[in-house]
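Q: 1 is the number of the first residue of the sequence shown in the UniProt record's numbering; add one for each residue after it.
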Amino acid sequence: MILMEGLHKWYDQFHVLKDINLSVAPKERIVICGPSGSGKSTMIRCINRLEEYQKGRLVVDGIELTNNLKNIEKVRAEVGMVFQHFNLFPHLTVLENLTLAPIWVRKTPKKEAMEAAMHHLNQVHIAEQANKYPGQLSGGQQQRVAIARSLCMKPRIMLFDEPTSALDPEMIKEVLDVMIELAQGGMTMLVVTHEMGFARKVADRVLFMDGGQIVESNTPELFFTNPQHERSQLFLEQIL
Ligand code: ADP
Ligand code: MG
């Protein structure tokens, strides 16, 4: 689904991604963790070209991104993304947030877009909030709306960038539960998170990043019981 080969990125002089090599199989669930500033967001944002890179190769679902900027729109149609801050349109209802892009970007007939939206709102257990505005919902509910909004674009890959770190503790579980269901449904997922319970439950692989590199890639069992690198050990001691 995703292939990164020798990917490098600089912000001016600052070498933020250093030789990233990663291959993600269909339906694989990958959790990415590591200290703040290690390049996690930058790496996953490269996948839908929210960030550009300067060196290396990137292929998403068979679509070659390197040196072919025309393919950006094709890739973005396949990749959904959920951010820490939900980025919903505050002046639109939940239902309008979900149908906006399908109707105006994808030219989906309104009735069909509404039906799909209700389907995905049911999927994230929030159908009863369809006519509310984001400001009337809790953080956990807003994040579930954001997930449903992504799903309305029929992505084949979902990227999550710390989707629960802006939430109060009591709301984290309702969002993680929805993500677990999505994983069980077979979605290919890359999730930047420090929720290690989630990693244990659904990740096929945990990547640990530090200083712009993937310094460890392992199954959750091995990563948690026997981290290979000193830096991953230190990190786990701090968060567990
Ligand atoms: P993480 O998500 O792991 O916390 P990021 O990918 O956000 O890390 O950032 C990696 C590094 O790149 C950090 O040192 C950060 O300050 C730097 N960085 C991020 N975005 C920019 C930018 N737009 N311009 C310059 N430096 C940036
Ligand atoms: Mg980040």
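Note that CB positions come from ideal geometry on N, CA and C, so glycine has one too.
Could you tell me whether the Cβ atoms of L98 and A77 are closer together than 9 angstroms?
A: Against the sequence shown, residue 98 aligns to sequence position 98. Against the sequence shown, residue 77 aligns to sequence position 77. Cβ atoms of L98 and A77: not closer than 9 angstroms.
Q: Please report the distance separating the alpha-carbon of A117 from that of Y11.
A: For the purposes of this step, residue 117 is taken as residue 117 along the sequence shown, with counting starting at 1. For the purposes of this step, residue 11 is taken as residue 11 along the sequence shown, with counting starting at 1. Their Cα atoms are separated by approximately 38 angstroms.
Q: Report back the beta-carbon spacing between P26 and M1 to the nearest angstrom; my notes put them in contact at under 8 angstroms.
A: Residue 26 sits at position 26 when you count from the first residue of the sequence shown. Residue 1 sits at position 1 when you count from the first residue of the sequence shown. Confirmed, Cβ separation roughly 5 angstroms.
Q: With a Cβ-Cβ cutoff of 9 angstroms, do residue 243 and G39 count as a contact?
A: The structure shown has nothing for residue 243, since the chain only spans 1 to 240.
Q: Return the CA-CA distance between Y133 and T66, expressed in angstroms with no decimal places.
A: Stepping through the sequence shown from its first residue, residue 133 is reached at position 133. Stepping through the sequence shown from its first residue, residue 66 is reached at position 66. Taking the straight line joining both Cα atoms gives about 40 angstroms.
Q: Are the beta-carbon atoms belonging to F198 and I180 less than 9 angstroms from one another?
A: Residue mapping note: residue 198 aligns to position 198 of the sequence shown, counting from 1. Residue mapping note: residue 180 aligns to position 180 of the sequence shown, counting from 1. Yes, these two residues count as a Cβ contact at 9 angstroms.
Q: Excluding five sequence neighbours on each side, which residues of the same chain lie with their C-beta closer than 8 angstroms to the C-beta of C152?
A: Mapped onto the sequence shown, residue 152 falls at position 152. These residues qualify, in order along the chain: L98, T99, A101, P102, A113, A116, A117 and H120.
Q: Let me know if V60 comes out buried or exposed under the rule of 16 or more other beta-carbons within 10 Å of its beta-carbon.
A: As a position in the sequence shown, residue 60 is number 60, starting the count at 1. V60 is buried by the Cβ-count criterion.
Q: DSSP three-state call for M114: helix, strand or coil?
A: Looking up residue 114 in the sequence shown gives position 114. Reduced to three states, the DSSP call for M114 is helix.
Q: Using a threshold of 8 angstroms, is the CB atom of V192 nearer than that to any non-hydrogen atom of ligand 2?
A: To locate residue 192, count along the sequence shown from 1; it is residue 192. It does: the Cβ of V192 is within 8 angstroms (strictly closer) of some heavy atom of ligand 2.
Q: Report the three-state DSSP secondary structure of I180 (helix, strand or coil).
A: Locating residue 180 in the sequence shown gives position 180, counting from the first residue. Helix.
Q: Counting pairs of Cβ atoms below 8 angstroms between the region 154 to 168 and the region 89 to 96, do you hit three or more?
A: With the cut-off at 8 angstroms, the region 154 to 168 and the region 89 to 96 do not touch.
Q: Mind pulling the beta strand (DSSP E) runs of 3 or more residues that sit fully within the region 25 to 58?
A: Complete beta strand (DSSP E) runs here, min 3: 29 to 33.
Q: Going by C-alpha to C-alpha distance, which of I126, F224, L17 and I63 sits closest to V178?
A: If you number the sequence shown from 1, residue 178 lands on position 178. Nearest of I126, F224, L17 and I63 to V178, Cα basis: I126.
Q: Report buried or exposed for T219, applying the criterion of at least 16 other Cβ atoms within 10 angstroms of its Cβ.
A: Here residue 219 refers to the residue found at position 219 of the sequence shown. Flag for T219 reads exposed.
Q: Counting C-beta neighbours from all protein chains within 10 Å, is the total for L176 16 or more, i.e. buried, or is it exposed?
A: Against the sequence shown, residue 176 aligns to sequence position 176. It counts as buried.
Q: Going straight from the alpha carbon of L240 to that of L207, what length do you get?
A: Taking the sequence shown and counting its residues from 1, one reaches residue 240 at position 240. Taking the sequence shown and counting its residues from 1, one reaches residue 207 at position 207. Those two C-alpha atoms are separated by around 16 angstroms.
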